[in-house]
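Residue numbers (the numbering used here): 707 to 814.
Cβ coordinates follow ideal geometry from the N, Cα and C atoms, glycine included.
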């Protein structure tokens, strides 16, 4: 039987992995451009998970600004005309949704 601790730990690992993939998004795009098929597969899978996550516009924008581009939550909040806390909350919710979509896809 799987404990809740194991499930939570697995979810945290997937979320951490997605965060790292998003931070290296542009590196993978460059590798794809140079003919790296593994990078291409990874980008396709990540884009598919993001689409299946059904993010709101603000969640998607927060995720892009904070995790893909690398702006601080304060900077993202200014650009989105919302508070730092709201930008962080949107990015974290988006990250969780993408991680769940990714985990669901890889478990199938």
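- At a Cβ-Cβ threshold of 9 Å, residue 771 and residue 756 do not count as neighbours.
- A contact between stretches requires three or more CB pairs, one per stretch, nearer than 8 Å, and the stretch 797–811 meets this requirement with the stretch 757–771.
- In the DSSP assignment, residue 747 falls within the unbroken alpha helix (DSSP H) covering 743–758.
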